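Chemist: Let me begin by handing over the structure; questions about it come next.
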Amino acid sequence: MSESREMSLLAYESNKDELAKALIYAAEAYHTRGAIRHVVGGTQMKVIDISKSLSLMDLWVSMIENWGESNKEFSHCLKAPLEVCFLKMSKYLWRTFNAMNLIRPKIKQNLRPGLVHFGEAYSDPEYAMKMWLDYKRQGKTAIPKQQNHVMQFLRQFKCD
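Using the numbering used here, you'd call the opening residue of the sequence shown number 48 and step up by one each time.
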């Protein structure tokens, strides 16, 4: 058995109780250990220090699963204006970008060109999603159209 596989199994064994508790609190039906540990154990229950305790594999898997959830949410609101749809997707997109932001420093510097940049304000996709989540929590159903937030977000991905 490889050393990394052994370490992964040890980490799983030591956190089995936390994972079991996390499943009780999980509103979504996550399918992977990475998403459960990152989202439920780390961002919701806060029993894991997500910046230190999660493996690179946990973060990649969570990123992929939450990206899938974002796409599923998008498919449910195809006829809605973009400002409405993005707000509905914001929870999963925030989780995707949070995992990406945690993955970035774990990748060698010379392999980072082309990865998503985490800058400031709305040029930082994680920040943009956090703001959109705040709109959602305030009971708003769309991102305010008078603000240029959606375009700033899309420019990050060259979607002018």
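Ideal Cβ positions, reconstructed from N, Cα and C, are used throughout, including at glycine. Quick caveat: nothing in here was measured; it's all calculated off a predicted structure.
Looking at the secondary structure, which residues open and close the alpha helix (DSSP H) in which L129 lies?
Modeler: Looking at the DSSP string, the run of the alpha helix (DSSP H) that includes L129 is 129 to 150.
Chemist: Within 10 angstroms of the Cβ of K138, are there 16 or more other Cβ atoms? Answer buried if so, exposed if not.
Modeler: buried
Chemist: Less than 6 Å between C-beta atoms, sequence neighbours within five positions excluded: which residues of the same chain meet that for V86?
Modeler: Only residues of its own chain outside the window of five on either side were considered, and among them R142 have a CB closer than 6 Å to the CB of V86, listed in chain order.
Chemist: Are the CB atoms of L106 and I154 nearer to each other than 8 Å?
Modeler: no
Chemist: Within a Cβ cutoff of 7 Å, which residues of the same chain sit near M176, ignoring the five residues on either side of it in sequence?
Modeler: Around M176: S137, L140, W141, F144.
Chemist: Per the contact definition of three or more C-beta pairs closer than 8 Å, is the region 176 to 190 in contact with the region 118 to 134?
Modeler: Contact between the region 118 to 134 and the region 176 to 190 is present, with at least three C-beta pairs closer than 8 Å.
Chemist: Could you name the residues of the same chain whose beta carbon sits closer than 7 Å to that of E120, not counting the 5 residues immediately before and after it, in chain order?
Modeler: Cβ neighbours of E120 beyond the five flanking positions: K135, M136, Y139.
Chemist: Hey, how far is the Cα of M54 from the Cα of P160?
Modeler: Model confidence at M54 stands at a pLDDT of 49, short of 50, so the residue's coordinates are unreliable; what they give is reported in the following sentence. Their Cα atoms are separated by approximately 29 Å.
Chemist: Among V108, Q156, G88, G115, which has the Cα closest to the Cα of D64?
Modeler: G88
Chemist: Got a sec, what are the start and stop residues for the alpha helix (DSSP H) R184 sits in?
Modeler: That run of the alpha helix (DSSP H) goes 172 to 184.
Chemist: Taking the straight line between their C-alpha atoms, what separation do you get for M147 and D96?
Modeler: Cα to Cα, M147 sits roughly 16 Å from D96.
Chemist: Hey, T90 and E112 are a contact pair by Cβ (cut 8 Å); roughly how many whole angstroms apart?
Modeler: Contact doesn't hold; Cβ gap of about 14 Å is too wide.
Chemist: Measure the alpha-carbon distance for G81 versus K99 and round it to whole angstroms.
Modeler: 14 Å
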